[in-house]
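Student: The letter at position 46 of the sequence shown is residue 151 when you use the working numbering, and the numbering goes up by one with no holes.
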Amino acid sequence: MNRRCITGLPLLFWRAVWVGYVLWVLCMALGPASVQASLELNDKLLHFGAFLVMVLSFPFRITWPGLWIPTALTVVLAGFIELAQDLSPTWGRHPEFLDFFAGVAGGLAGLGLRLFLQHRNTRQ
Numbered sequence: 106m107n108r109r110c111i112t113g114l115p116l117l118f119w120r121a122v123w124v125g126y127v128l129w130v131l132c133m134a135l136g137p138a139s140v141q142a143s144l145e146l147n148d149k150l151l152h153f154g155a156f157l158v159m160v161l162s163f164p165f166r167i168t169w170p171g172l173w174i175p176t177a178l179t180v181v182l183a184g185f186i187e188l189a190q191d192l193s194p195t196w197g198r199h200p201e202f203l204d205f206f207a208g209v210a211g212g213l214a215g216l217g218l219r220l221f222l223q224h225r226n227t228r229q
């Protein structure tokens with residue numbers, strides 16, 4: 106079965122792009138602090154926005170029974186980033202609970218927006 110999305114590109118392509126985005130977020134969150142310092146934004150907004158985009162662009166259909174998957178992904182990944190920052194003090198990174206909560210809030214906001222858009226598109 107050749108499944109394609111609206112743009113005509115294979116879903117496998119979009120899933121690969123999504124995995125690349127997740128890896129980029131991990132590199133930005135775990136890399137040297139000087140990389141993030143060059144971005145003149147509040148780091149809480151960066152965490153919120155990164156997770157919002159991550160869940161909003163999740164390349165699988167989100168249904169009510171499977172709702173736990175992107176939710177767990179958000180919580181686990183946000184927690185992993187903060188724990189990993191605690192283990193890499195040589196790069197000038199320090200874990201913050203507010204970063205964790207900003208990531209989870211962004212993921213949940215993305216999930217809510219995604220469900221709203223899915224519901225709206227299925228009714229049309």
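Don't be surprised by glycine CBs; every beta carbon is placed ideally from N, CA and C. Because the structure is a prediction, the values reported are computed rather than measured.
1. Spell out whether any CB of chain B is found under 9 Å from the CB atom of Leu213.
2. Do the CB positions of Leu135 and Ile186 come within less than 9 Å of each other?
3. CB Gly211 to CB Met159, shorter than 9 Å?
4. Which residues bound the alpha helix (DSSP H) around His224?
5. So is Thr227 buried or exposed if we call it buried at 16+ other beta carbons inside 10 Å?
6. Using only alpha-carbon positions, find the residue among Ala189, Pro170 and Ala214 that is nearest to Leu161.
Tutor: For this structure:
1. The chain labelled as chain B is not found in the depicted structure, where only one protein chain is given.
2. Yes.
3. At the C-beta level, Gly211 and Met159 come within 9 Å of one another.
4. First-last of the alpha helix (DSSP H) with His224: Phe202 to Arg228.
5. It counts as exposed.
6. Between Leu161 and the set Ala189, Pro170 and Ala214, the nearest pair of CA atoms involves Ala214.
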